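Going by UniProt numbering, the final residue of the sequence shown carries number 319, and the count climbs one at a time with no gaps.
Beta carbons: idealized from backbone N, C-alpha and C, even for Gly.
Model, not experiment: these values are computed from the prediction.
What follows is a single structure, written as structure tokens, with notes after it.
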Amino acid sequence: MVKRIAILTSGGDAPGMNACIRACVRAGLKNGYEMFGIHNGYRGLINDEIEPLGRHSVSEIINRGGTILGTARLDSFKTLEVQRKAVEILSSHRIDALIGIGGDGTYRGLMALSKLGITTIGLPGTIDNDITSSDYTIGFDTALNTVIQCVDKLRDTSSSHQRCSIIEVMGNHCGDLAAYAGLACGAEMVITTDTPVTKNQVIEFLQQQRRTGKQHAIILISEKITDVHEFAHEIAHKCGFETRAEVLGHMQRGGSPSAFDRCLASRLGVFAIDCISKGVSSACCGIVQNKLTYYNIEDALKLPQSSTVEFVRTSQLIG
């Protein structure tokens, strides 16, 4: 029977993680559990960076970006030896269950610990929206709005200078940020891994735009597809557009979470405690068609990535 629950955040930070921590702690306390926080992800777990969390430990954090618990990556956690050490440390604190907030790497760590006897629940916390078992991940909406604000500002100067702007956004092989932002901002073109186009096709498109009198253009592209600075130079050389590349980078991770992310994080945090109360383990929670649900972690990791084709096509039809 679970009596003590620990929480950690792992991988990249995401706005809304603090709201989720807060919900887990307060719901856990109301259900009679003792709650603990693990600092700096799995690395902190191995280093025994564990402390009790009370109701006031999570006061005034619902609006804060980042994560009060800190986050870090630990590649060696993939080994059985390190996983067993983690179980020993949890057992020394008499901790029965672990909630991990993060992405698929976090989920794999939780799945390994569950096989060693720890009750585990995963919650989707990543700005990339690349957790297929949930329609939306904690932090995605906030990051998307940050991207939109940046693109809107760049559009102003792009139009003033009759410039083509190539804007790279994050996503880690998932095109959701680029696709959603492209539709919301009216971008002339969106490039993701789901909608591959050649450089020549992009150049031909811009040349056609130029011939029809188009004075400026916005192109959104997911990271890890090409070197946007080299591509911008090539476009400028072949299309006649003054072209600039902008890499939005880690500013997309920061900021106070949106109302959507605060509500999503809070709902998922409470749901995680409910799942533990019902004896659920080795599961990851998510929201599907606005309903809270959970999957076995192993099954969830096998789900195919959702496609961005519809969003990109809509953007291209009306952009």
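Next item on the list: Express the C-alpha separation of ARG73 and ARG64 in angstroms, rounding to a whole number.
Entry: Going from the Cα of ARG64 to the Cα of ARG73 covers about 22 Å.
Checklist line | Bounding residues of the beta strand (DSSP E) (the contiguous stretch that carries ARG244) | finding: Counting along the chain, the beta strand (DSSP E) containing ARG244 begins and ends at 242-247.
Note to self: Quick check: the Cα distance between VAL58 and VAL228, rounded to an integer number of angstroms?
What the structure shows: The straight-line gap from Cα to Cα measures roughly 41 Å.
Item checked: Start and end residues, alpha helix (DSSP H) containing SER114 -> From DSSP, the alpha helix (DSSP H) with SER114 extends over 104-115.
Check: How big is the Cα-Cα spacing for SER134 and CYS285?
Finding: Rounded to the nearest whole angstrom, the CA to CA distance from SER134 to CYS285 is 8 Å.
Checklist line | Sufficient close CB pairs (3 or more, under 8 Å) joining the stretch 178-192 to the stretch 245-257 | finding: Contact between the stretch 178-192 and the stretch 245-257 is absent, because fewer than three Cβ pairs lie under 8 Å.
Checklist line | Span of the beta strand (DSSP E) around ALA6 | finding: Boundaries of the beta strand (DSSP E) around ALA6: 4-9.
Notebook entry, point to check: How long is the line joining the alpha carbons of LEU98 and ASN31, rounded to whole angstroms?
Noted result: Going from the Cα of LEU98 to the Cα of ASN31 covers about 16 Å.
Notebook entry, point to check: Just the Cα atoms here: how many angstroms apart are ASP96 and VAL312?
Noted result: Cα atoms of ASP96 and VAL312: separation of roughly 45 Å, rounded to the nearest angstrom.
Next item on the list: State whether the stretch 128-146 contacts the stretch 206-218, with contact taken as three or more CB pairs (one from each stretch) at a distance under 8 Å.
Entry: Short answer: they don't touch.
Next item on the list: Determine the DSSP secondary structure at ILE118, reduced to helix, strand or coil.
Entry: DSSP places ILE118 in the coil class of the three-state scheme, outside both helix and strand.
Next item on the list: Compute the beta-carbon to beta-carbon distance between MET170 and ILE127, rounded to the nearest angstrom, for a pair I have assumed lies under 8 Å.
Entry: Confirmed, about 6 Å.
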